[in-house]
Structure formats: structure tokens, C-alpha cells
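Quick notes on the structure that follows.
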Amino acid sequence: MLDLPTPKGAAEAALFSECWDAVLSYADLCTSGSAAATQLAREAFALGIGEARAADAGAARGTGRRPSRLPAIPQMLTAVRTTAAAWEAAGRGHDLDPDLRLWLNSDKAARYNGPPLQRPLALRGLRDLQEADATLLWLAEVEALPRSVVARRLGLDPAAVGSELDQVRGLFRDRCHRNHLDTPMDASCRSYARLLDAVTRSPAADIPTDLSRHLATCVECAEAAACLRPHGGQLPTALAGGVIGWGGLAYLERRRRAAEVRLGAGRPERTDGEDREPRPGAQRARLVRHGLLAAAVLVSLVALAVSMMPFGGADDDAASADTSDRQPVAVPQGSLPSGAGSSASATAPTLAPATATGTPTGGHHNPDPEPQGTSSSTAGGGDGPSGGGATCTAAFDLVNSWPDGFQATVSVTTEDALDGWRVAWSFRDGQKVGQMWDASFAQNGSRVTATAADYNKSVPAGGTLTFGFLASWQSKNSPPYHFELNGHACAKAG
């Protein structure tokens, strides 16, 4: 795998942690393969870092009003688009998505680099906001983060985030309205500008028939309508499409799916009124879930008691029959949905190899709270495989380190073909993973489990899977040990 950007100092490490997943997600949309996606993301991140340094240096030298600029994530996504355009101009377009190449050579792409008054309205409106307000709007609307997470990231009072967001939506609308009036328009669009402003001020207002026909044929006025109605559900689409350009809607869907994976699918954010009293339906659903959980625990205890009874051969037959009825637990999805060039199939990952006890990893309920992907051999704490020959080889590479954190990559070579993988390892010194790319992760104490993303879960026999992460450390930072692939211990790479 290609080298990833190396943060220089705590500030760039924080920027990397905040933006890299988003940058790689959009780069994967823009390219035709994972290797090209990583290369595009790496070059774009370096470009974005350089632009941020230049802007900070210019602000430090100059006096007066600080020039407006986009928040960190959309600024980095813009760098991805700029880098893709540079690839196309330099003859490297064969690594890009064919539809993106057509877009880069069209008038649509020229809008983003043309005269300021002709650029997309959402881009101009977001840039005109204070950077803190623009960041709040982007994180809540496009990245789909819950308000509690947004509050923690921006240092806001969680109880006040809702009102802050409403105010920022209003400010964004005002900026877009002003920019819309400043935009050069033909006579037809100019005649509808006042009516469009009046209609979009009320979420419940009906659009007149003649204005509706005009919006169906005029792209610029349709963009303005989406920006001027912040509560109509079109604001995320307007922001993603206006700031990113090509692939904005696909990126928006990816971020929503990523948020569901990170925070738990089917767990919508509560509104202000939901804190007071649970709904009857939710209460009944909670009782049903608790009843099912109690039943599952009871069945597990009965099965455990039966398995310990000395019935000889009859017990073996019963255990075999019980195992044949079990279904593997679904592997958590990665933070990136499948993109162009992905060879991953739509079927569920294959069942992991059996552990030393003969129970498939990811099978029936395990009372041990270790993350999925570990086996009973993890308690040994050794560096090498336990028993039998290893079917995988793991390598850990410390890319960079600073006083309270580090960046590293893990590469695992497998002898067998995989259709879904989980890589687990243990830390000796209490290190904590905070960000991971090319995989999702879970950490339980010292044990970390990385799970494949949709686009890289298929690995051929003899192939190598690679992912990277950022983590924190305290007084000591010893290398991790006891790597496992789908429950089988891996040998250390020489």
C-alpha cells in the first residue's frame, strides 16, 4: 500500500484525524481502484495542508479582515477535486472514474474555477460564514453527525446546539439570498427572484405553478431554491453538490451510511421533546428486546449445562446437530460503502475458521466480552501462532510518532482467499485507537479488532490486506502483539 500522509505536529495530526476518512471516501468515488484512491487522497491531503499553511501565514502577515475560507473537511474535499483535475491534465486520467473525467472537461467543472459570482451558490454562502458557523453547518448537515458529537467536537453546550444550528441555517440563507441577487441573471430568472425569496421563507408555502415550471428548467434557480429553504430537507444536498461538485450526492449517502455504522444503525438522534418521556411504542420495543435477551441467556446456559454432561457419543451427535443450525453473526460494515472498482460481492462474509474449541468465530453468543475476531488463545499473550502452522503473516509499521500519539499501518498476508476479514491484536501499554482508515474498528481494553470495509473485504489467496490508524499512548509505546486473522493466529513478518 502507498505511504499515507505523515502529520507534522499535533495540529496536523488533529486535522488528519478529522478529515482523512472523508478525503479517502471521496477519493474512492473519484477513482477506479483502491490503490488509486489512496494515492489521490494522499496527494489531495498534502495539497490541502499546504493551502492551510499558506492561508495561516498570510493571515499572520496581513492586517484587517481575515479572508474567508471553507471549513477543514470541505476544504480537503475541494483539494481532492483539484488534484483529480491535475491528474486529468497530466495524462493520468485513466485512474479516474470515467464519469468524473467527462465532468472535469465540461462547463460544470469550469464553474468552480470561474468568476466568483458564477460559482455555485452554496459554495459562496458557506465561504461567507464565519469558519466556526460553517463547520457546525457542514458537520450537522453533510457529515450527518449527531448534535452531541458536533457539540463535543466544537466545544459547544449540547443543550444549545439545536438553537445554534437554527441560527446558522438562517445566516446561511441570508448569505445565499444576497449572493443570489448579486449573481448575473437573465431577465426570466430576475423576474422570479423576489417570488423565490418569498416562497422559500415559509416551509409550508406552496410553489406557484409558473415558478415550479421555471425551477424544472433552470439549474441555477433550482440550486438557489435548495439553499434558500434550509428546513425543507434539501440543504444537505445543496451543500454537498454545491461545494464538492461531481459525486456530491454519492458522497452524502456514504457519509450517512458511515455515521450509521459508527454510531449504530437504526438509532436516530433524539429531538428535544423526546428527552421527557419515552413513546409507548419505544417502551414496548425495549421490553421485547429485553425479553429476547433474557431468553437468549437462558438458552445459552442450558446449552452450556448440556455440553458439560458426560453423555459420551450421544453428546457429540447433539453438539454436531446444534452447530449445523447456527448462523454466523453479521460482520460490521466498514466506514466506506463499496465504490467504483470494488470487487467485493454482495454476499455476507464467509464463516471464520474454527477456534481451538471447535466453535466457529462469530457463532453463538459468547459470554467472554472480547471483540469478535479473537479466540480463546488470546489469553496466552504470545507473539506467534499457537498450535499448528500459521496461515497468515502480520506486519506492524510505525509510520510516525509524537509526544502523545502515533500513526501506524498493519499489513496481513493470507494464504487463503478471503471474502470478509477481521484482524485482531493486543497492546501492552494501554494504547487507544482513535481513527482508522480502510477498516472499521472496535477496542475492548487492550484488544483491538479491525473489520474490513465493503470495498476491500475480498482478498485473493496469497494477497495482502492493509489498513492504517491513529492512536494515543502515555508513558510507553511498545509494538502490538498476538495478531489474528479471522480467529487464527498470524506469524510475525520477518
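In this text, residue positions in the sequence shown follow our numbering: the first is 1, and each later residue adds one.
All C-beta atoms in this analysis are idealised placements derived from N, C-alpha and C, irrespective of residue type, glycine included.
Bear in mind that the values here come from a model prediction, so they are computed numbers and not experimental data.
Inset, instruction - Run the CB neighbour count on Thr-78, radius 10 Å, all protein chains shown included, and call it buried at 16 or more, exposed below. - result: Indexing the sequence shown from 1 puts residue 78 at position 78. Residue burial is scored here from C-beta neighbours: Thr-78 has at least 16 other C-beta atoms within 10 angstroms and is therefore classed as buried.
Inset, instruction - Helix, strand or coil for Phe-45, going by three-state DSSP, please let me know. - result: Taking the sequence shown and counting its residues from 1, the one referred to as residue 45 is at position 45. Helix at Phe-45.
Legend entry - First and last residue of the uninterrupted alpha helix (DSSP H) at Gln-167: As a first step, residue 167 must be located in the sequence shown, where it is residue number 167. Where Gln-167 is concerned, the enclosing alpha helix (DSSP H) stretches over 161 to 182.
Inset, instruction - Note down, in chain order, each residue of its chain lying with its Cβ closer than 8 angstroms to the Cβ of Val-80, except the 5 sequence neighbours on either side. - result: By one-based count along the sequence shown, residue 80 stands at place 80. For Val-80, where only same-chain residues beyond five positions count, the Cβ hits under 8 angstroms are Val-23, Tyr-26, Ala-27, Cys-30, Leu-40, Ala-41, Ala-44.
Inset, instruction - Count the other C-beta atoms from every protein chain shown that fall within 10 angstroms of the C-beta of Glu-141, then say buried if there are 16 or more, exposed otherwise. - result: The residue you call residue 141 lines up with position 141 of the sequence shown. By the 10 Å Cβ count, Glu-141 comes out buried.
Legend entry - Rounded separation between Ala-225 and Met-76 - CA only: Here residue 225 corresponds to residue number 225 of the sequence shown, with the count starting at 1. Here residue 76 corresponds to residue number 76 of the sequence shown, with the count starting at 1. Distance between the alpha carbons of Ala-225 and Met-76 is about 26 angstroms.
Inset, instruction - Can you tell me which of Ala-395, Ala-259, Gly-430 puts its alpha carbon nearest to the alpha carbon of Val-150? - result: If you number the sequence shown from 1, residue 150 lands on position 150. It is Ala-259.
Legend entry - Nearest-angstrom Cα separation, counted from Leu-239 out to Gly-233: To locate residue 233, count along the sequence shown from 1; it is residue 233. To locate residue 239, count along the sequence shown from 1; it is residue 239. Approximately 11 angstroms, taken between the alpha carbons.
Legend entry - Backbone CA spacing between Ser-106 and Thr-38 [nearest angstrom]: As a position in the sequence shown, residue 106 is number 106, starting the count at 1. As a position in the sequence shown, residue 38 is number 38, starting the count at 1. The straight-line gap from Cα to Cα measures roughly 25 angstroms.
Legend entry - Cutoff 7 angstroms; reference Phe-396; Cβ partners in own chain excluding five residues on either side: The residue given as residue 396 occupies position 396 in the sequence shown. Excluding residues within five positions, the ones whose Cβ falls inside 7 angstroms are Ala-408, Val-410, Pro-479, Pro-480.
Inset, instruction - Classify Ala-493 as helix, strand or coil using the three-state DSSP reduction. - result: One-based indexing of the sequence shown puts residue 493 at position 493. Of the three classes helix, strand and coil, the one that applies to Ala-493 here is coil, per DSSP.
Inset, instruction - Buried or exposed for Asn-456, please, with buried defined as at least 16 other CB atoms from any protein chain shown within 10 angstroms of its CB. - result: Reading the sequence shown from its first residue, position 456 is the one you call residue 456. It is buried - the Cβ of Asn-456 has at least 16 other Cβ atoms within 10 Å.
Inset, instruction - Give the single residue among Ala-54, Ser-32, Pro-74 whose Cα lies nearest to the Cα of Glu-18. - result: Locating residue 18 in the sequence shown gives position 18, counting from the first residue. The shortest C-alpha separation from Glu-18 is found at Pro-74.
Inset, instruction - Could you check the C-alpha separation between Gly-503 and Ala-13 for me, to the nearest Å? - result: Shown here, the chain extends from 1 to 494; a query on residue 503 therefore has no answer.
Legend entry - Whole-angstrom distance between Val-261 and Trp-421, CA atom to CA atom: Within the sequence shown, numbered from 1, the residue matching residue 421 stands at position 421. Within the sequence shown, numbered from 1, the residue matching residue 261 stands at position 261. Taking the Cα positions, Trp-421 is about 17 angstroms away from Val-261.
Inset, instruction - Enumerate in chain order the residues of its own chain whose CB-to-CB distance from Ala-109 is below 6 angstroms, with the five nearest sequence positions on each side excluded. - result: For the purposes of this step, residue 109 is identified with residue 109 of the sequence shown, where counting begins at 1. Answer for Ala-109: Trp-103, listed in chain order.
Inset, instruction - Using the Cα positions of Arg-92 and Asp-419, report the straight-line distance between them to the nearest angstrom. - result: On the sequence shown, residue 92 is found 92 positions in, with the first residue counted as 1. On the sequence shown, residue 419 is found 419 positions in, with the first residue counted as 1. Spanning the two alpha carbons is a distance of roughly 31 angstroms.
Legend entry - Collapsed DSSP secondary structure at Met-436 in the structure displayed: For the purposes of this step, residue 436 is taken as the residue at position 436 of the sequence shown. It is a strand residue.
Inset, instruction - For the segment 179 to 219, list the alpha helix (DSSP H) runs that are entirely contained and at least 4 residues long, ordered along the chain. - result: Counting whole runs of 4 or more residues, the segment 179 to 219 contains the alpha helix (DSSP H) stretches 187 to 200, 209 to 217.
Inset, instruction - Give the single residue among Val-412, Ala-452, Leu-465, Phe-469 whose Cα lies nearest to the Cα of Asn-400. - result: Stepping through the sequence shown from its first residue, residue 400 is reached at position 400. The shortest C-alpha separation from Asn-400 is found at Phe-469.
Legend entry - For Glu-484, the three-state DSSP class (helix, strand or coil): As a position in the sequence shown, residue 484 is number 484, starting the count at 1. Note: Glu-484 maps to strand in three-state DSSP.
Legend entry - Residue span of the beta strand (DSSP E) that contains Gln-234, given as start and end: On the sequence shown, position 234 is the one that residue 234 refers to. Counting along the chain, Gln-234 falls outside any beta strand (DSSP E), and DSSP gives it neither H nor E.
Inset, instruction - Give a yes or no on whether the C-beta atoms belonging to Val-448 and Val-459 are separated by under 8 angstroms. - result: Counting from one through the sequence shown, the residue named residue 448 turns up at place 448. Counting from one through the sequence shown, the residue named residue 459 turns up at place 459. Val-448 places its beta carbon 8 angstroms or farther from that of Val-459.
Legend entry - DSSP state of Ser-426 mapped onto helix, strand, coil: Residue mapping note: residue 426 aligns to position 426 of the sequence shown, counting from 1. In the three-state scheme derived from DSSP, where H, G and I count as helix and E and B as strand, Ser-426 is classed as strand.
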